[in-house]
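Data first, discussion second: the structure below is written as structure tokens.
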Amino acid sequence: AKYGEPPKIRTIVVGICLVYMFVLALGQGLRIGRLGRRMKSTVIEVLILVQFIVSVGFVTAVAVMESGLGQETYAQCHASIRVCIGMYMAGKIALYVFLIERVHIVRAPFVPRFRDPVWVIGVLVTAGGLGGITAYDYHGPKAELSHDSGLCSIGIVPNASIAIMAMDLFLGTVLTGMFIWILRPSFKSVTEMISQSNTGDDGRGRRGGGRRWSTKCLAIWASSGVGGRRQRPKGNGSSRDQLKMMLWRNVIGSTIALMATAANITIYLAWSESTRSYACLLGCLTDVVVSNWATNWMTM
Numbered sequence: 004a005k006y007g008e009p010p011k012i013r014t015i016v017v018g019i020c021l022v023y024m025f026v027l028a029l030g031q032g033l034r035i036g037r038l039g040r041r042m043k044s045t046v047i048e049v050l051i052l053v054q055f056i057v058s059v060g061f062v063t064a065v066a067v068m069e070s071g072l073g074q075e076t077y078a079q080c081h082a083s084i085r086v087c088i089g090m091y092m093a094g095k096i097a098l099y100v101f102l103i104e105r106v107h108i109v110r111a112p113f114v115p116r117f118r119d120p121v122w123v124i125g126v127l128v129t130a131g132g133l134g135g136i137t138a139y140d141y142h143g144p145k146a147e148l149s150h151d152s153g154l155c156s157i158g159i160v161p162n163a164s165i166a167i168m169a170m171d172l173f174l175g176t177v178l179t180g181m182f183i184w185i186l187r188p189s190f191k192s193v194t195e196m197i198s199q200s201n202t203g204d205d206g207r208g209r210r211g212g213g214r215r216w217s218t219k220c221l222a223i224w225a226s227s228g229v230g231g232r233r234q235r236p237k238g239n240g241s242s243r244d245q246l247k248m249m250l251w252r253n254v255i256g257s258t259i260a261l262m263a264t265a266a267n268i269t270i271y272l273a274w275s276e277s278t279r280s281y282a283c284l285l286g287c288l289t290d291v292v293v294s295n296w297a298t299n300w301m302t303m
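Position in the sequence shown counted from 1, then plus 3, gives you this note's numbering.
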């Protein structure tokens with residue numbers, strides 16, 4: 004048999020990669036265009052940039068391996084699974100650290116990160132858990148170049164697959180749940196504080212405290228990139244609407260990222276052709292690209 008991907012598969016992969024590259028550039032461009040010169044170098048901005056770089060690198064790697072090299076040798080086939088594992092897990096770590104940072108900013112904007120137990124535990128679990136799984140996956144990935152069809156098949160051992168699924172779904176579910184849990188009390192708290200600013204009462208018999216609290220808190224959310232377009236609150240109604248929209252975007256965006264992961268995992272388990280290198284790579288790539296768009300949308 005002739006080894007390597009057939010021309011039809013190569014053409015399809017290149018076409019999809021071009022579309023994904025356009026989508027990534029469009030998302031980043033729209034976001035930068037909305038924020039303009041008001042965009043600052045915050046942790047949120049750095050994490051979004053890391054996600055974008057990983058996504059672009061992943062798209063480029065898939066196009067080169069599938070269309071350029073064509074998976075014609077065992078070395079190329081073996082390299083593709085390692086690239087897939089590395090890029091996919093790097094994108095996931097950046098995504099979940101981004102979501103943890105969002106939780107921190109909404110939940111405890113005045114508390115330093117290293118003094119916020121939720122932030123510290125979340126980052127340690129994400130980096131340690133996904134980093135450990137990545138190391139385990141690298142130890143014995145599955146890569147086979149069929150002598151009959153000449154096609155490359157890749158994958159990971161069952162235990163590693165279960166670990167990735169469990170960690171992905173655990174982190175995604177917990178963080179999405181935290182956004183849902185934070186939504187009502189956070190909105191209620193800020194509404195009360197903004198209402199107090201109407202009378203100038205800080206809730207303890209002192210006048211002027213509520214206005215200072217609400218203005219400072221909203222300024223922190225805005226400067227951190229949580230509220231999307233950085234604008235000064237123009238009034239109590241607009242402040243409430245901005246906060247409510249920001250929180251709902253957190254819930255919807257993290258849910259979309261979780262659904263993309265669940266779909267990728269389900270297809271990998273249910274579809275017999277999912278171990279083909281092009282299918283496996285495109286599945287993981289789609290997951291990473293969707294997550295990148297979700298993070299861009301959450302901060303627009």
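Yeah, the Cβ is synthetic: ideal placement off N, Cα and C, and Gly gets one too.
Note that this is a predicted model, so its numbers are computed, not measured.
Remark: fewer than three beta-carbon pairs, one from each stretch, lie closer than 8 Å, so the stretch 91 to 107 and the stretch 142 to 157 are not flagged as touching.
Secondary-structure assignment with DSSP links K145 through a beta bridge to G158. A buried status is given to K95, since no fewer than 16 other beta-carbon atoms sit within 10 Å of its beta-carbon.
By the criterion of a C-beta distance shorter than 7 Å, G7 is surrounded in its chain by G73, Q74, E75 and G153, once the five residues flanking it on both sides are discounted. When the five nearest sequence neighbours on each side are left out, the beta carbons in the same chain lying within less than 6 Å of the beta carbon of F61 are those of M90, L288 and V291, in order along the chain. Contact annotation: T129 and Y99 have beta-carbon atoms nearer than 7 Å. Nearest to I51 by C-alpha distance, out of I19, H81 and A97, is A97. In this structure, the straight-line span from the alpha carbon of A82 to that of Y281 is close to 13 Å. Non-local beta-carbon contacts of V26 in its own chain, meaning distances under 8 Å to residues more than five positions away in sequence, involve V292 and W296 in chain order. In this structure W122 is buried. Its beta-carbon is surrounded by 16 or more other beta-carbon atoms within 10 angstroms.
Between S257 and T179, the C-beta gap is smaller than 7 Å, which places the two residues in contact. Around I259, the same chain offers A297 as residues with beta carbons nearer than 6 Å, after the five sequence neighbours per side are excluded. Counting C-beta atoms within 10 angstroms of its own C-beta, N162 has fewer than 16 neighbours from the protein chains shown and is therefore classed as exposed.
For the pair of segments examined, the stretch 26 to 36 was found not to touch the stretch 263 to 276: the number of CB pairs separated by less than 8 Å stays below three.
Cβ neighbours of Y139 within its own chain (closer than 6 Å, five residues either side excluded): A163.
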